[in-house]
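All the letters of the sequence shown, read from the start, carry residue numbers -8 to 270 under my numbering.
Ideal Cβ placement from N, Cα and C applies to all residues, glycine included.
Predicted model, so just to flag it, every value in this text is computed and none were measured.
First the structure, in the form of structure tokens, and then the observations on it.
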Amino acid sequence: MMQDHDPLGRALVLADEGDWAGVAELLREEVDDEPSAEVLCWLGVAERELGMPGIAYERFKQALAQDPQDPVVLATAGNALAAFDDPDAEPALRAAAMLGRDVALARWMYGAYLTREGMLAEARAELDAAVELAPDDPVVRYESAVWSLVSGRTGDGIAGLARAAELDSEDGWTRVVLGLAMIDDERLDEAFVELEAGARLRDDDVEAQLLAALAAAAEGYDDAAFEMVERARMRAEGTDVLTVNEVEERMHDSPEAARRFLVSTLAPTALRERLATRP
-8 MMQDHDPLGR ALVLADEGDW AGVAELLREE VDDEPSAEVL CWLGVAEREL
42 GMPGIAYERF KQALAQDPQD PVVLATAGNA LAAFDDPDAE PALRAAAMLG
92 RDVALARWMY GAYLTREGML AEARAELDAA VELAPDDPVV RYESAVWSLV
142 SGRTGDGIAG LARAAELDSE DGWTRVVLGL AMIDDERLDE AFVELEAGAR
192 LRDDDVEAQL LAALAAAAEG YDDAAFEMVE RARMRAEGTD VLTVNEVEER
242 MHDSPEAARR FLVSTLAPTA LRERLATRP
């Protein structure tokens, strides 16, 4: 049993509370004293959450260099390295899935990696196992749905995303992807509901605001359309400003112009990029 005086145990309590600054402060004190792979891994998670991806990357590399046998550590570190296209990601994730046959996190992280690498048959086996182990985990349902969409099974993907959104009503990312999948399935009226909800949950996501604005304009909801485009403008920087201006032009032209730009240009690119991204 983990004792209260154990730094890692206290850090995990803080992590459950979302206090990543507290986790980082606590575990940095352990780094100079031959830290374990677990300490390095969780410190990496905390530093990534605090917006220090480069430092976090080094922590994950150091954790894997210790050849850990804990499937959670292997999966977490491997998944983090995959975001950097590090070749060490695949063996770590594979080892996690092999050692943690009954650990949903290890199975879905490896499955998600395989999906994004195009190894769809292998990915399906891992994701099916994860769903069986944790059927009510929204992340598991999300990654299973991503597999379906990537595999061309749009109906199954939409159903899976809807289930994931139901399990976690505060997950704006899933709502946006669900809306994009509905556009791909020519269900623009339903897509608007999901895109608007997702955009409101993801305040700083400029693209989400613009997608919702175009969907609203295409469906004739002018007040919502211009509210969303103004939300995007308030948060836009650099090239985002040019996209905001282009979206606003299409909205001013006509509902049909907004619909064409959304369906033919912005939504397909956004869906492809979001399916390839680890949220």
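- The beta carbons of A2 and W33 sit closer together than 8 Å.
- For M219, the enclosing alpha helix (DSSP H) begins and ends at 213 to 226.
- Annotated three-state conformation of P78 is coil, per DSSP.
- In this structure, the straight-line span from the alpha carbon of A204 to that of F217 is close to 7 Å.
- Boundaries cannot be given for S160, as no alpha helix (DSSP H) includes it and DSSP labels it neither H nor E.
- By the Cβ neighbour-count rule, Q60 is exposed, with fewer than 16 other Cβ atoms within 10 Å of its own.
- Taking the C-beta atoms as reference points, G42 is found no nearer than 8 Å to A54.
- Secondary structure within the region 1 to 39: the alpha helix (DSSP H) runs of 4 or more consecutive residues, fully enclosed, are 11 to 22 (chain order).
- Leaving aside the five residues that flank R193 on each side, the residues in its chain whose CB is nearer than 8 Å to its CB run, in chain order, G163, W164, V167, A199.
- Exclusion of the five residues before and after D180 leaves E210 as the residues of its chain whose Cβ lies within less than 7 Å of its Cβ.
- Remark: three or more beta-carbon pairs, one from each stretch, lie closer than 8 Å, so the region 132 to 152 and the region 172 to 187 are flagged as touching.
- The residue from E20, V131, A206 with its alpha-carbon nearest to that of D159 is V131.
- The C-alpha of T260 is placed about 29 Å away from the C-alpha of A68.
- Residue environment for M242: buried (at least 16 other C-beta atoms within 10 angstroms of its C-beta).
- The C-alpha of L18 lies about 37 Å from the C-alpha of G109.
- In this structure R98 touches L124 by the C-beta definition: roughly 7 Å separates them, less than 8 Å.
- Taking a 10 Å sphere around the C-beta of L140, we find 16 or more other C-beta atoms and assign the residue as buried.
- At the C-beta level, L257 and L186 stay beyond 8 Å of one another.
- Classified as exposed, N236 has fewer than 16 neighbouring CB atoms from the shown chains inside 10 Å of its CB.
- Out of D77, E8, L65, the CA that lies nearest to the CA of L31 is found in L65.
- In the same chain as G91, and ignoring 5 residues on each side of it, the C-beta atoms closer than 6 Å to its own belong to P62, A97, in chain order.
- The Cβ neighbour count for A95, taken over all protein chains shown within 10 Å, is at least 16; the residue is labelled buried.
- When the five nearest sequence neighbours on each side are left out, the beta carbons in the same chain lying within less than 7 Å of the beta carbon of L169 are those of I149, L152, A153, A156, E185, in order along the chain.
- If you look at T234, you'll find it in the alpha helix (DSSP H) that goes 230 to 244.
- Your pair F51 and A37 does not check out as a contact, with CB atoms roughly 12 Å apart and the cut at 8 Å.
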